[in-house]
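Chemist: Before anything else, here's the structure in question.
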Amino acid sequence: MKKIIALFLLIQTTHSYSQKGNQDTLVLHLEKYANGKISAYSYLLNSTRTGRATAYTPDGKIMFDSEISRMHGSHSVTFYHHPNGVVSKIEEHSAPDAGIQWYNTTYFYNEKGELTDKRENNYNDRVTIQTPPDYKPQAVVECAVIYSNKTYFVNNSPYDLKVTYASRGESVVNSLKSGDTLYMGNQVQAQFFEDPSKTATFSAESLSKKKKAKKIKFEFGKANVKAVSPSEKAYYYEIRAILLR
């Protein structure tokens, strides 16, 4: 009888461990509207310690989108909600040097999901953007549109690659097989779109150990831009192999 119980506990423990191992996604925040649509959602991948935080208006449009990370410092997002489910406030905190410097941005929204105020603090704890006494919400709502600039790498070389995307103090490293396309990151920009290659750094190197691969360098072509929505663009960068002489 004792052997049977011990065997049962061993099976249960192994099963539980297996389930936990498959749960790569850690949900940090999930709020839905009364109709079941998502109001705000944030998560982290345990394998990469990176994730996303996104908020939506009642009609399903993206009102906020940002990467979050617990790697090489931290970048976190906290959501607050109105009674109707719409996000009322977003606190975005970034500490790229693991606490040596930090930056806080707080966004305020009305019950329609319209941005009414934005405040930024730096590591000196001084407000760098502050609402003036004669502040008019309508003017800020028209100007403070948030745009997403998503980066994709397209491997058109015959080699499997190790690719790196570095932006705003954070870097993402992935492997990319020949012929594949891979999402690397997103830059959130206020008021206008911007080509990520202007501020981010890209690099690629062969995963092959053959001597021939060492005589190859890899170049990124100009972005092939696709409009995903009025506030989101996808930038596809082709990676080509160049033979060194």
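For the record, in the sequence shown the residue sitting at position 175 is 419 according to the numbering used here, with numbers rising by one throughout. Backbone N, C-alpha and C define an ideal beta-carbon position, used for all residues, glycine too.
1) For A448 and E336, what's the separation of their Cα atoms in angstroms?
2) So G429 is in the beta strand (DSSP E); what residue range does that whole segment cover?
3) Are Y409 and V398 touching if we call contact CB-CB under 8 Å?
4) Cα separation between K442 and M428?
5) Expressed to the nearest angstrom, what Euclidean distance is found between the alpha-carbon atoms of T298 and I306?
6) Locate the beta strand (DSSP E) running through N290, then write down its first and last residues.
7) Would you kindly check if the distance between the Cβ of G329 and the Cβ of S392 is under 8 Å?
8) What residues in its chain sit with their C-beta under 7 Å from that of I483, if we drop five residues either side in the sequence?
9) Helix, strand or coil for S401, going by three-state DSSP, please let me know.
10) Should K362 and Y351 be called a contact, given that it needs their Cβ atoms to be closer than 8 Å?
11) Excluding the five sequence neighbours on either side, which residues of its own chain have a C-beta within less than 6 Å of the C-beta of Y324, listed in chain order?
12) Residue range of the beta strand (DSSP E) that F446 falls in?
13) Exposed or buried, which one is L289 when buried takes at least 16 other CB atoms within 10 Å?
14) Going by DSSP in three states, S491 sits in which element: helix, strand or coil?
15) Note down, in chain order, each residue of its chain lying with its Cβ closer than 6 Å to the Cβ of S318, except the 5 sequence neighbours on either side.
16) Tell me where the beta strand (DSSP E) around S320 begins and ends.
Modeler: Taking the coordinates as given:
1) 31 Å
2) T425 to A434
3) no
4) 15 Å
5) 7 Å
6) Where N290 is concerned, there is no enclosing beta strand (DSSP E), given that its DSSP letter is neither H nor E.
7) no
8) F397, V398, N399, N400, S401, L405, A448, F462 and F464
9) coil
10) yes
11) S332 and K333
12) T445 to S450
13) exposed
14) In the structure as shown, the chain begins at 245 and stops at 489. Residue 491 is therefore absent and cannot be evaluated.
15) A339
16) S318 to H325
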